[in-house]
Amino acid sequence: MGTNGSTMLEPLRQGLPPLDPAAVSDAASCALPARYEAVGDARRFTRGTLDQWDLSERFDDVCLVVSELVTNALRHALPANAPRLPGQDPPVRLHLMRWTERLVCAVRDPSEESPVTRETDDFSAESGRGLFLVDSFSDGWGWHPMAGGLGGKVVWALFRLQRAGACPHPAD
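The opening residue of the sequence shown carries number 1 in this note's numbering; numbering runs sequentially from there.
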(Lines of atoms letter the chains of each structure in order from A and count residues from 1; the text may use other names and numbers.)
(Lines give C-alpha, C1' and ligand atoms only; values in the text may rest on other atoms or scores of the structure.)
Protein backbone atom coordinates (compact mmCIF):
# COMPACT_ATOMS: atom_id res chain seq x y z
CA MET A 1 0.00 0.00 0.00
CA GLY A 2 1.37 3.44 -0.93
CA THR A 3 2.38 5.86 1.78
CA ASN A 4 0.33 8.68 0.29
CA GLY A 5 -2.86 7.11 1.59
CA SER A 6 -4.78 7.44 -1.69
CA THR A 7 -5.59 3.72 -1.86
CA MET A 8 -7.00 3.91 1.65
CA LEU A 9 -9.13 6.88 0.62
CA GLU A 10 -10.63 5.23 -2.44
CA PRO A 11 -13.75 3.94 -0.62
CA LEU A 12 -14.16 7.31 1.13
CA ARG A 13 -14.08 9.30 -2.11
CA GLN A 14 -17.82 9.24 -2.74
CA GLY A 15 -19.75 11.73 -0.66
CA LEU A 16 -16.82 13.43 1.04
CA PRO A 17 -16.69 17.22 0.83
CA PRO A 18 -15.54 18.30 -2.64
CA LEU A 19 -11.85 17.88 -1.97
CA ASP A 20 -9.59 15.87 -4.22
CA PRO A 21 -8.36 12.79 -2.31
CA ALA A 22 -5.31 12.69 -4.56
CA ALA A 23 -4.31 16.13 -3.20
CA VAL A 24 -4.33 15.01 0.43
CA SER A 25 -1.08 16.14 1.98
CA ASP A 26 -1.39 13.79 4.96
CA ALA A 27 -3.61 10.85 5.84
CA ALA A 28 -3.65 8.52 8.82
CA SER A 29 -6.07 5.87 9.97
CA CYS A 30 -6.51 3.42 12.80
CA ALA A 31 -8.77 0.43 13.32
CA LEU A 32 -10.83 0.52 16.49
CA PRO A 33 -12.03 -2.54 18.39
CA ALA A 34 -15.74 -2.93 19.12
CA ARG A 35 -15.55 -1.83 22.74
CA TYR A 36 -15.96 1.51 24.47
CA GLU A 37 -12.27 1.82 25.38
CA ALA A 38 -11.85 2.45 21.65
CA VAL A 39 -12.96 6.07 22.24
CA GLY A 40 -9.82 6.61 24.35
CA ASP A 41 -7.73 4.90 21.66
CA ALA A 42 -9.25 7.25 19.06
CA ARG A 43 -8.47 10.31 21.20
CA ARG A 44 -4.83 9.22 21.69
CA PHE A 45 -4.46 8.49 17.96
CA THR A 46 -5.97 11.90 17.11
CA ARG A 47 -3.67 13.74 19.54
CA GLY A 48 -0.58 11.98 18.19
CA THR A 49 -1.58 12.63 14.58
CA LEU A 50 -2.41 16.33 15.11
CA ASP A 51 0.88 16.82 17.00
CA GLN A 52 2.72 15.23 14.08
CA TRP A 53 0.90 17.52 11.62
CA ASP A 54 1.57 20.59 13.79
CA LEU A 55 -2.15 21.11 14.39
CA SER A 56 -2.22 20.58 18.15
CA GLU A 57 -4.04 23.90 18.63
CA ARG A 58 -7.10 22.30 16.99
CA PHE A 59 -6.99 19.24 19.26
CA ASP A 60 -9.87 20.16 21.60
CA ASP A 61 -12.48 20.68 18.87
CA VAL A 62 -11.27 17.83 16.67
CA CYS A 63 -11.00 15.42 19.57
CA LEU A 64 -14.51 16.21 20.83
CA VAL A 65 -15.89 15.51 17.35
CA VAL A 66 -13.81 12.32 16.93
CA SER A 67 -15.07 11.09 20.33
CA GLU A 68 -18.69 11.68 19.32
CA LEU A 69 -18.32 10.03 15.90
CA VAL A 70 -16.58 6.98 17.37
CA THR A 71 -19.08 6.71 20.24
CA ASN A 72 -21.97 6.88 17.75
CA ALA A 73 -20.36 4.20 15.59
CA LEU A 74 -19.90 1.91 18.59
CA ARG A 75 -23.32 2.60 20.10
CA HIS A 76 -25.51 2.53 17.02
CA ALA A 77 -23.65 0.62 14.34
CA LEU A 78 -22.59 -2.57 16.07
CA PRO A 79 -25.29 -5.13 16.77
CA ALA A 80 -24.58 -6.52 20.23
CA ASN A 81 -24.89 -10.14 19.08
CA ALA A 82 -23.03 -9.82 15.78
CA PRO A 83 -20.53 -12.68 15.45
CA ARG A 84 -16.88 -11.61 15.23
CA LEU A 85 -14.94 -13.83 12.89
CA PRO A 86 -11.25 -14.39 13.65
CA GLY A 87 -9.11 -12.35 11.31
CA GLN A 88 -12.04 -10.09 10.45
CA ASP A 89 -11.22 -6.40 10.17
CA PRO A 90 -12.15 -4.43 13.26
CA PRO A 91 -15.56 -3.02 12.42
CA VAL A 92 -14.88 0.67 13.09
CA ARG A 93 -12.06 2.67 11.51
CA LEU A 94 -11.04 6.29 12.07
CA HIS A 95 -9.49 8.23 9.18
CA LEU A 96 -7.84 11.64 9.51
CA MET A 97 -7.02 13.50 6.31
CA ARG A 98 -5.39 16.89 5.87
CA TRP A 99 -5.40 19.22 2.92
CA THR A 100 -3.69 22.63 2.98
CA GLU A 101 -6.71 24.39 4.48
CA ARG A 102 -8.97 21.52 5.55
CA LEU A 103 -8.92 18.62 7.99
CA VAL A 104 -11.44 15.81 7.65
CA CYS A 105 -12.20 13.19 10.31
CA ALA A 106 -14.11 10.21 8.95
CA VAL A 107 -15.38 7.21 10.89
CA ARG A 108 -16.34 4.07 9.00
CA ASP A 109 -18.73 1.54 10.53
CA PRO A 110 -20.65 -1.53 9.33
CA SER A 111 -24.16 -0.09 9.74
CA GLU A 112 -26.26 0.92 6.73
CA GLU A 113 -28.46 3.14 8.93
CA SER A 114 -28.20 6.89 8.49
CA PRO A 115 -27.04 8.87 11.50
CA VAL A 116 -29.97 10.65 13.16
CA THR A 117 -29.86 13.91 15.03
CA ARG A 118 -32.36 13.75 17.84
CA GLU A 119 -34.42 16.82 18.56
CA THR A 120 -33.86 17.43 22.23
CA ASP A 121 -34.32 20.50 24.37
CA ASP A 122 -32.80 18.68 27.31
CA PHE A 123 -29.17 19.73 27.16
CA SER A 124 -28.38 17.68 30.25
CA ALA A 125 -29.46 14.49 28.42
CA GLU A 126 -26.60 12.01 28.18
CA SER A 127 -27.36 10.80 24.67
CA GLY A 128 -28.88 12.28 21.57
CA ARG A 129 -26.57 15.28 21.51
CA GLY A 130 -23.63 13.73 19.67
CA LEU A 131 -24.42 15.03 16.20
CA PHE A 132 -25.50 18.38 17.65
CA LEU A 133 -21.98 18.67 19.12
CA VAL A 134 -20.39 17.51 15.85
CA ASP A 135 -22.38 20.18 14.02
CA SER A 136 -21.44 22.85 16.59
CA PHE A 137 -17.70 22.18 16.74
CA SER A 138 -16.93 21.36 13.08
CA ASP A 139 -17.32 23.42 9.92
CA GLY A 140 -19.59 20.82 8.34
CA TRP A 141 -20.39 17.13 8.48
CA GLY A 142 -22.16 14.49 6.46
CA TRP A 143 -22.30 10.79 5.76
CA HIS A 144 -22.54 8.39 2.86
CA PRO A 145 -22.83 4.65 2.27
CA MET A 146 -19.57 2.92 1.43
CA ALA A 147 -18.89 2.61 -2.27
CA GLY A 148 -18.09 -0.57 -4.14
CA GLY A 149 -20.27 -3.05 -2.29
CA LEU A 150 -18.20 -2.79 0.89
CA GLY A 151 -21.27 -2.25 3.07
CA GLY A 152 -21.53 0.13 5.97
CA LYS A 153 -21.15 3.88 5.94
CA VAL A 154 -18.77 6.74 6.61
CA VAL A 155 -19.65 9.72 8.80
CA TRP A 156 -17.29 12.67 8.34
CA ALA A 157 -16.67 16.10 9.81
CA LEU A 158 -14.66 18.89 8.22
CA PHE A 159 -12.54 21.55 9.91
CA ARG A 160 -11.16 24.64 8.16
CA LEU A 161 -7.47 25.26 8.84
CA GLN A 162 -5.58 28.52 8.56
CA ARG A 163 -2.55 28.47 6.35
CA ALA A 164 0.70 29.14 8.13
CA GLY A 165 1.31 32.89 8.11
CA ALA A 166 -2.18 33.68 6.81
CA CYS A 167 -4.15 36.43 8.48
CA PRO A 168 -7.45 35.35 9.96
CA HIS A 169 -10.31 36.22 7.65
CA PRO A 170 -12.56 39.01 8.89
CA ALA A 171 -16.05 37.76 9.66
CA ASP A 172 -18.16 37.62 6.52
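Where is the CB? At the ideal position from N, CA and C, for every residue including glycine. Since we're looking at a predicted model, the values are computed, not measured.
Going by beta carbon distance, what residues of the same chain come within less than 8 angstroms of residue 47, once the five residues before and after it are set aside? Cβ neighbours of residue 47 beyond the five flanking positions: 56, 59 and 63.
Tell me the residue span of the beta strand (DSSP E) that contains residue 106. Note, residue 106: beta strand (DSSP E), 102–109.
Around the Cβ of residue 33, are there at least 16 other Cβ atoms within 10 angstroms (buried) or fewer (exposed)? So residue 33 ends up on the exposed side.
Burial state of residue 131, where buried means 16 or more other Cβ atoms lie within 10 Å: Buried, since its Cβ has 16 or more Cβ neighbours within 10 Å.
Distance CB(residue 68)-CB(residue 24) smaller than 8 angstroms: The answer is no: Cβ separation not under 8 angstroms.
What residue range does the beta strand (DSSP E) around residue 152 cover? Secondary structure note for residue 152: it is in no beta strand (DSSP E), with a DSSP letter that is neither H nor E.
Taking 8 angstroms as the threshold (C-beta atoms), are residue 39 and residue 71 in contact? Taking 8 angstroms as the Cβ cut-off, residue 71 and residue 39 qualify as a contacting pair.
Tell me whether the beta-carbon of residue 106 lies closer than 8 angstroms to the beta-carbon of residue 92. Cβ distance not < 8 angstroms, so residue 106 and residue 92 don't count as in contact.
Compute the Euclidean distance between the alpha carbons of residue 113 and residue 75, then round it to the nearest angstrom. A straight-line Cα-Cα distance of about 12 angstroms links residue 113 and residue 75.
Rounding to the nearest angstrom, what Cα-Cα distance links residue 50 and residue 28 in this structure? Spanning the two alpha carbons is a distance of roughly 10 angstroms.
Between which residues of its own chain and residue 99 is the CB-CB distance below 7 angstroms, once the five residues before and five after are set aside? Closer than 7 angstroms at the Cβ level, and outside the excluded window around residue 99, lie 19, 23, 24 and 25.
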